[in-house]
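Trainee: Residue numbers (my numbering): 133 to 235.
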């Protein structure tokens, strides 16, 4: 009977980089002192969209690795998607009348 040696799952540097990018995306979208997205500056939106794309790609790459733990990858995917989550919440609030359409 052959026994397979299963490598121990661990976190790699890609997991931590994607988590850092996810935290930056969350800060840039939701936290007021660091908000550069949705503040009327197109450069801030471009930076946030680029970070969102890179963070989501790194999270998906990390989740598809077999020797990688999935906890940080799932958290970074959620945090990296905060730009899209913000707009989904804003659209829902607009359609339900909770916030006004014009300032």
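Think of the CB as a built atom: it goes at the ideal place given N, C-alpha and C, for glycine as much as any other residue.
If you're wondering where the values come from, they're calculated on a predicted model, not measured in any experiment.
In chain order, what residues of the same chain have a beta carbon less than 6 Å from the beta carbon of residue 161, not counting five sequence neighbours either side?
Mentor: So the list reads 169, 214, 215, 218, once near-sequence residues are dropped.
Trainee: DSSP puts residue 142 in a beta bridge; with which residues?
Mentor: In the DSSP output, where bridge partners are listed per residue, residue 142 has 200.
Trainee: Give me the residue from 199, 208, 172 with the minimum Cα distance to residue 189.
Mentor: Here the closest residue by C-alpha is 208.
Trainee: Assuming the contact rule is C-beta atoms closer than 8 Å, residue 147 and residue 196 should be a hit. Round their C-beta distance to whole Å, please.
Mentor: With 8 Å as the limit, residue 147 and residue 196 do not qualify as a contact, their Cβ atoms being about 12 Å apart.
Trainee: Give the DSSP-derived three-state secondary structure of residue 229 in the structure shown.
Mentor: Looking at residue 229 - three-state DSSP - the assignment turns out to be coil, as it is neither helix nor strand.
Trainee: Return helix, strand or coil for residue 213, following the three-state DSSP convention.
Mentor: Looking at residue 213 - three-state DSSP - the assignment turns out to be coil, as it is neither helix nor strand.
Trainee: So which of 210, 150, 198, 212 has the shortest CA-CA distance to residue 138?
Mentor: Of the candidates 210, 150, 198, 212, the one whose C-alpha sits nearest the C-alpha of residue 138 is 198.
Trainee: So what's residue 182 in DSSP terms, helix, strand or just coil?
Mentor: Helix, per DSSP.
Trainee: Are there any heavy atoms of the ligand SAM lying less than 7 Å away from the beta-carbon of residue 207, as far as the coordinates show?
Mentor: Questions concerning the ligand SAM fall outside what the structure shown contains, since it holds no ligand whatsoever.
Trainee: Suppose you measure from the CA of residue 180 to the CA of residue 172; what does that come to, to the nearest Å?
Mentor: Their backbone Cα atoms lie some 13 Å apart in a straight line.
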